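In this text, residue positions in the sequence shown follow the numbering used here: the first is 5, and each later residue adds one.
Let me begin by presenting the structure, written as structure tokens, before commenting on it.
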Amino acid sequence: MSKQKPAAMPAAMLLLALSCLDAATADADEAYYHGKTIRLLIGQPPGGGYDTYARLFARFLPQLLPGQPNVALQHMPGAGGLVMANHLYTQAPPDGTTIALGSGGIATAALFGIPGARFDARRFSWIGNMNSEVGISVAWHHSGIKTTADLFDREFIVGGSGANSDSVVFPNVLNAVMGTRFKVVPGYKGMAEIVLAMERGEVQGTGNWHYSSIVFNRPDWLRDKKIALLLQIGLRPHPDLPNVPTVLDIARDAEQKEILQLVLAQQLIGRPIMGPPDLPAEPFAVLQRAFDDMMRDPGFLAEAEHGKIEVVEPMSGERVRQTVERLYAADPALIKKASAVFPGQPN
Numbered sequence: 005m006s007k008q009k010p011a012a013m014p015a016a017m018l019l020l021a022l023s024c025l026d027a028a029t030a031d032a033d034e035a036y037y038h039g040k041t042i043r044l045l046i047g048q049p050p051g052g053g054y055d056t057y058a059r060l061f062a063r064f065l066p067q068l069l070p071g072q073p074n075v076a077l078q079h080m081p082g083a084g085g086l087v088m089a090n091h092l093y094t095q096a097p098p099d100g101t102t103i104a105l106g107s108g109g110i111a112t113a114a115l116f117g118i119p120g121a122r123f124d125a126r127r128f129s130w131i132g133n134m135n136s137e138v139g140i141s142v143a144w145h146h147s148g149i150k151t152t153a154d155l156f157d158r159e160f161i162v163g164g165s166g167a168n169s170d171s172v173v174f175p176n177v178l179n180a181v182m183g184t185r186f187k188v189v190p191g192y193k194g195m196a197e198i199v200l201a202m203e204r205g206e207v208q209g210t211g212n213w214h215y216s217s218i219v220f221n222r223p224d225w226l227r228d229k230k231i232a233l234l235l236q237i238g239l240r241p242h243p244d245l246p247n248v249p250t251v252l253d254i255a256r257d258a259e260q261k262e263i264l265q266l267v268l269a270q271q272l273i274g275r276p277i278m279g280p281p282d283l284p285a286e287p288f289a290v291l292q293r294a295f296d297d298m299m300r301d302p303g304f305l306a307e308a309e310h311g312k313i314e315v316v317e318p319m320s321g322e323r324v325r326q327t328v329e330r331l332y333a334a335d336p337a338l339i340k341k342a343s344a345v346f347p348g349q350p351n
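What follows is the structure, encoded as structure tokens:
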């Protein structure tokens, strides 16, 4: 005797069941964050580009996150963002109420053996990346440094901040790989202090300043030619700077290019948002979804454009994670060569 197959669920009933499931999921998402406050840690001091991006992100996150939690900013500068990253990795509660905005250097600090990096970047809960960055080597107009060739011909005194900051790492890497003559004066608390030091004549410029930050914070310096733009530091040229050479343009051989491509890959992850390791699936998915929605939100994009805040090639959290995994999976011999050119590393 043949068994009778169960009747298929009618389409209307299936749609009703799915809609009920969606509604239940939405209710659960809203309940998770309702009445809570999210701490957004910032790995740099107030007044710079990271502060600018964090404030924009914090304004829109409650609008796009179920439950509309409050967002409180907390600056945690030190060692180029390592103080914040170490705190997020070892002390922040893994419940979705503490997230952070840092630099792409957090993705590679431990990989390249930067002193003080006590975390594995592969374990962070990557929520997304707001902007892929292009750095610029910049000289003050009274410095006498005017061209890319001057970087090789003359000592160039530049301000830097913490050990893992782009303003310290990149000029020292270029010295080791290409023979430039940056003399880095570290210890400034962030780019805002370096900018003041340039105006006061304490330093002649900076080895790396995100072009997005220059456009937002010092557009008058570009307009009035207060600074010379000497070299683009990144894997892609900025579309606004067709006449400024990139480091890959002037690299002398394939080995230099390979090392620079690995070191500068962190520029692709220019303004990442991340959570601590082992973030539960529910808040992690909700945060990633809210981030992706924000990067497409017309109001967010309009405010970013109005404020001259770049949102170029943003990345989903999954794309950031994949990029970090690829960096760690690079040829160990190449990683060793790249690590050796970082400041403070044995040659």
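Where is the CB? At the ideal position from N, CA and C, for every residue including glycine.
Computed from a predicted structure; not experimentally measured.
Item: N212 - DSSP class collapsed to helix/strand/coil; Value: strand
Item: DSSP-derived helix/strand/coil call for I198; Value: helix
Item: Limits of the unbroken beta strand (DSSP E) element including H79; Value: N74 to H79
Item: Cβ pair count under 8 Å reaching 3, the region 137-153 against the region 232-241; Value: yes
Item: Cβ neighbours of P347 in the same chain (closer than 6 Å, five flanking residues each side left out); Value: N176
Item: 3 or more residues per run - each beta strand (DSSP E) lying fully within the region 202-286; Value: 209-214, 231-237 and 276-279
Item: Distance, A269 Cα to N74 Cα; Value: 33 Å
Item: Assigned secondary structure, G69 (DSSP; H/G/I helix, E/B strand, else coil); Value: A small correction: the amino acid at residue 69 is Leu; Gly does not occupy that position in the sequence shown. Residue state, collapsed to three classes: coil.
Item: Per-residue burial, A111 [other beta carbons within 10 Å of its own, 16 or more giving buried]; Value: buried
Item: At least 3 beta-carbon pairs within less than 8 Å: the region 317-324 vs the region 151-167; Value: no
Item: Beta-carbon gap between I42 and A58 smaller than 7 Å; Value: no
Item: DSSP state of I118 mapped onto helix, strand, coil; Value: coil
Item: Three-state class that DSSP yields for M134 in the structure shown; Value: coil
Item: First through last residue of the alpha helix (DSSP H) which encompasses R323; Value: G321 to Y332
Item: Touching by the beta-carbon criterion (3+ pairs, under 8 Å), the region 207-220 and the region 305-313; Value: yes
Item: G106 and A121 closer than 7 Å at C-beta; Value: no
Item: Rounded separation between D55 and L92 - CA only; Value: 18 Å
Item: Endpoints, the beta strand (DSSP E) within which A104 is located; Value: T102 to L105
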